[in-house]
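Working notes, structure below.
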Amino acid sequence: MKKLILLFFILISTNAIFRKKSSYADETKITTDEKEKIALEIFSETNNLSDSYGRFIVVRDHNLYGMNGISKKFTTCQADLKRWIKSWEDFVKNIQLNHSKEIYPFSTTLQDFFSIQSLQAEKIKINCNYVIENANKSLEIMKNSVPYSKVILSEYNYYLGEIEKSTKRIYTVLEKYILDTKYYLKKLEELNIKSHKSVFSKITIEIYKLKPEDPIIILNDFYSLINASRDLNPSVAKINMTEKKIQEYIEKYKYFKALKLYDHILLDCAKTHREILNNIINTKYLSYKFDKMRESCSNTYNAFMHFKKKFKNKHDYIINFIEYTKNNTKIDCSNNVNIIPCNEFSVIKSIKIDELKNFSEQKLSFIESKLDTILEEYKL
13 MKKLILLFFI LISTNAIFRK KSSYADETKI TTDEKEKIAL EIFSETNNLS
63 DSYGRFIVVR DHNLYGMNGI SKKFTTCQAD LKRWIKSWED FVKNIQLNHS
113 KEIYPFSTTL QDFFSIQSLQ AEKIKINCNY VIENANKSLE IMKNSVPYSK
163 VILSEYNYYL GEIEKSTKRI YTVLEKYILD TKYYLKKLEE LNIKSHKSVF
213 SKITIEIYKL KPEDPIIILN DFYSLINASR DLNPSVAKIN MTEKKIQEYI
263 EKYKYFKALK LYDHILLDCA KTHREILNNI INTKYLSYKF DKMRESCSNT
313 YNAFMHFKKK FKNKHDYIIN FIEYTKNNTK IDCSNNVNII PCNEFSVIKS
363 IKIDELKNFS EQKLSFIESK LDTILEEYKL
């Protein structure tokens with residue numbers, strides 16, 4: 013991490029260093045070697061402090077409150093969860109069956125709604141987990157600061173105290189984001205179960221109001237359908253999201269990201285396929301969803317195979333991804349907080365095509381990973 017230039021470098025001078033009369037009653041007796049040693053100690057500790065403060069600035073101004081930082085993601089997570097809850101409330105409130113002929117058509121509406129809610133729940137989990145992961149990473153960045161001596165820098169206790177207060181505030185904010193987000197994720201799982209039960213309760217009321225010949229049979233069908241949807245939808249939603257994600261990677265020429273995700277979706281498809289075939293209820297009530305899942309798996313396979321054949325050499329994907337990132341990001345390189353990504357992006361852009369041709373897949377994957385971080389954090 014590039015050191016940030018602090019006020020301390022300005023404050024420290026030869027005169028400042030040797031004002032410590034409490035330590036040295038007679039300054040005339042201090043040898044040149046001792047003076048150099050004291051000066052080096054203070055310079056070294058100031059350098060350590062600079063590293064610590066630099067980490068604090070990066071975490072606060074970029075990771076936490078940056079354009080796509082933790083605070084923004086947390087707000088998104090919170091707002092999406094509220095909308096998701098309201099969708100459940102509105103749906104339950106609006107369940108109304110006026111005639112027996114509406115019962116089975118309603119089951120299709122019900123399945124579609126469950127699918128949408130399940131997909132939204134998975135998106136909420138992604139945003140919320142981003143908050144937790146990046147808050148933990150930010151805490152690690154600050155914890156890994158090089159320690160500095162408050163004794164050697166005792167002349168600047170006021171500034172040290174202010175930095176310490178600010179650092180503690182950021183620690184508190186990050187830890188609160190982690191705790192609150194974990195609470196939201198827990199509530200999401202609890203509300204998902206309760207909401208399915210609420211839907212069934214409202215359907216039960218509506219069915220009995222119609223007084224059909226066999227209300228128990230009808231309710232059993234709905235009960236099975238709701239349970240099957242609740243159990244299977246998360247897996248199907250993940251596959252649908254992966255299909256869209258891999259398509260996004262393909263559009264941006266993220267070859268190695270797409271390859272990794274492709275391997276995951278093959279396993280997810282096989283697992284979900286087995287779950288459905290081993291569950292008679294799922295097969296009976298969610299056959300159309302089974303077909304949709306297989307279609308998603310097939311589309312993902314075909315899309316990646318086509319993408320894999322697009323270029324003969326892997327470095328061509330990186331060349332195209334560099335161009336995409338250049339055209340779709342904006343980094344303020346005049347801001348010290350952005351020094352690292354600015355330097356990294358500058359180095360990547362300076363690599364010549366002939367040099368890229370000789371890079372191993374491991375190096376190309378590393379470059380793609382760096383570009384991906386820059387794109388996600390500074391995208392337009």
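Numbering (this note's numbering), first residue to last: 13 to 392.
From the three backbone atoms N, C-alpha and C, an ideal C-beta is built for every residue, glycine too.
Return the Cβ separation of residue i and residue j in integer angstroms, given the expectation that the two are a contact with Cβ distance under 8 Å.
i    : j    : result
L222 : S119 : So it is not a contact: roughly 14 Å between Cβ atoms.
D280 : K250 : 6 Å
A282 : F316 : Contact flag wrong, Cβ pair sits at about 16 Å.
F333 : Y390 : Not quite, the Cβ-Cβ distance comes to about 15 Å (not below 8 Å), so this is no contact.
P246 : S130 : 6 Å
L200 : A147 : The pair is not a contact, with the Cβ atoms about 18 Å apart (cut-off 8 Å).
Q132 : S241 : Not confirmed; about 14 Å, so no contact.
V2   : K214 : The structure shown does not extend to residue 2, since the chain spans only 13 to 392, so no value can be given for it.
I386 : P353 : 5 Å
L383 : T337 : 5 Å
F212 : Y235 : 6 Å
Starting from residue i, trace the alpha helix (DSSP H) both ways and give me its first and last residue.
i    : result
H8   : The chain is shown only over 13 to 392; residue 8 falls outside these bounds and no answer can be derived.
V185 : 169 to 222
K375 : 373 to 390
N232 : 227 to 264
D73  : From DSSP, D73 is part of no alpha helix (DSSP H); its letter is neither H nor E.
M317 : 299 to 320
P353 : 351 to 362
K272 : 267 to 289
N106 : 82 to 106
L122 : 115 to 155
I343 : I343 -> no alpha helix (DSSP H), and no H or E assigned at all.
I365 : 365 to 369
What's the call for residue i, buried or exposed, on a 16-neighbour Cβ count within 10 Å?
i    : result
V143 : buried
A37  : For A37, the pLDDT reaches just 44, beneath the cut-off of 50, and the residue's location in the model is therefore unreliable, leaving the point undetermined.
K49  : exposed
R72  : buried
S161 : exposed
D226 : exposed
V163 : exposed
F378 : exposed
V158 : exposed
G66  : buried
Y116 : exposed
G81  : buried
S35  : Caution applies to S35, whose pLDDT of 44 falls short of 50 and renders its modelled position unreliable; the value that the coordinates give is listed next. With fewer than 16 Cβ atoms within 10 Å of its Cβ, S35 is classed as exposed.
L273 : buried
Y220 : exposed
T254 : buried
C345 : exposed
D92  : buried
Any heavy atom of the ligand NAD closer than 7 Å to the Cβ of residue i?
i    : result
P159 : Within the structure as shown, the ligand NAD is missing, as the structure has no ligands at all.
Output yes if chain D places a C-beta closer than 8 Å to the C-beta of residue i; else output no.
i    : result
L392 : The chain inventory of the structure shown lacks chain D, comprising one protein chain alone.
| field | Segment contact flag, the segment 49 to 65 with the segment 134 to 142, C-beta cutoff 8 Å, min 3 pairs | value | no
| task | May I ask you to verify whether the segment 355 to 371 touches the segment 302 to 314, counting CB pairs closer than 8 Å and requiring at least 3? | result | no
| request: Take every Cβ of the segment 362 to 379, pair it with every Cβ of the segment 319 to 331, and state whether three or more of those distances are shorter than 8 Å. | output: yes
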